[in-house]
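Written out below as structure tokens is the structure these notes cover.
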Amino acid sequence: MLLLCNLFSGVMARFFPNSKCRAVPCYRFNPSGDRLAVGSDDSCVDVYSVSDPTKAVERTSYCRGIPSGVTHMDWSTCGQYLQISTSSYDKLIYDSRSGRQIPSGSEISKITWDTWTSILGSEVLGIWPRNADKADVNTACVAHGGNVTATGDDFGVVKLFNHFPVSGKFAGSKSYYGHSAHVTNVKFTHNDEYLLSAGGDDSCVFVWRTQ
712 MLLLCNLFSG
722 VMARFFPNSK
732 CRAVPCYRFN
742 PSGDRLAVGS
752 DDSCVDVYSV
762 SDPTKAVERT
772 SYCRGIPSGV
782 THMDWSTCGQ
792 YLQISTSSYD
802 KLIYDSRSGR
812 QIPSGSEISK
822 ITWDTWTSIL
832 GSEVLGIWPR
842 NADKADVNTA
852 CVAHGGNVTA
862 TGDDFGVVKL
872 FNHFPVSGKF
882 AGSKSYYGHS
892 AHVTNVKFTH
902 NDEYLLSAGG
912 DDSCVFVWRT
922 Q
């Protein structure tokens, strides 16, 4: 069950994502906040209208043909497209309104992303160290200012790259230690003043000051 709360009005709405039998690790609101994408380990992304929390939450579309579980999702700045990364290391682009996959081509090159959390693609090729296994880098997040990329890996290390895209192989970075197990997620706060990192087996959340 998901509980949606409007922090201004205090109105809350409950809904159950479309019959999911497995974990639902990804939730992403579009830039305007009136649509919610829900990605699951069932190889499915459902898109819901959440513009009015006093009304029943309605599924408006779903993305078809995803080959494996969803690990990361990002909306385009226009709110039309979704970038979906999977546990089989695929990065796919979908039209969120029709549920249609967008093939590689000029249409994708024109898309501007509101956020970037994918560990896949030429834009983040340099976050992967030499001799890295596919599973070594777990998470990435680009600061809202677009000038810093953070990652978390299987060795408990949080890294900062001072640019985006990080397209050159084996890009230089600064490493930060503290987690005693793999890092599962990193996220910048809204003003990029802090970076939050979540550990796996150490069950810790670290807060790092970026300035």
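Note that this note's numbering numbers the sequence shown so that position 204 is 915, with each residue one more than the last.
For glycine and all other residues, C-beta sits at the position ideal for the given N, C-alpha and C.
In this structure, Asp801 places its C-beta atom within 8 Å of the C-beta atom of Pro778. 8 Å or more divides the Cβ of Tyr792 from the Cβ of Tyr773. When rounded, the separation of the alpha-carbon atoms in Asn902 and Thr765 is 30 Å. Cα atoms of Ala846 and Asp865: separation of roughly 7 Å, rounded to the nearest angstrom. Taking the C-beta atoms as reference points, Thr860 is found nearer than 8 Å to Val877. Counting of Cβ neighbours within 10 angstroms places Asn741 among the buried residues, the total reaching 16 or more. By the neighbour-count criterion, in which 16 or more other beta carbons inside 10 Å mark a residue as buried, Phe872 falls on the buried side.
For Ser817, the enclosing alpha helix (DSSP H) has its first and last residue at Ser817 to Ser820. In this structure, the beta-carbon distance from Thr782 to Thr771 does not fall below 8 Å.
Cβ contact annotation for Asp752 (same chain, cutoff 6 Å, sequence separation greater than five): Arg733, Ala734 and Gly780, in chain order. Between the beta-carbon of Leu907 and that of Val897 there is about 7 Å, and that keeps the pair under the 8 Å contact cut.
Listed in chain order, the non-local C-beta contacts of Met784 below 8 Å within the same chain comprise Cys737, Arg739, Ala748, Gly750, Val756, Leu793, Gln794, Ile795, Ser796 and Thr828, local neighbours out to five positions each way being set aside.
In this structure, the CA atom of Gly911 is about 29 Å from the CA atom of Tyr759. Burial of Ala851 is indicated by the presence of at least 16 other C-beta atoms within 10 angstroms of its C-beta.
Pairing Ala882 with Ile838 gives a Cβ-Cβ distance under 8 Å.
DSSP places Tyr888 in no beta strand (DSSP E); its state is neither H nor E.
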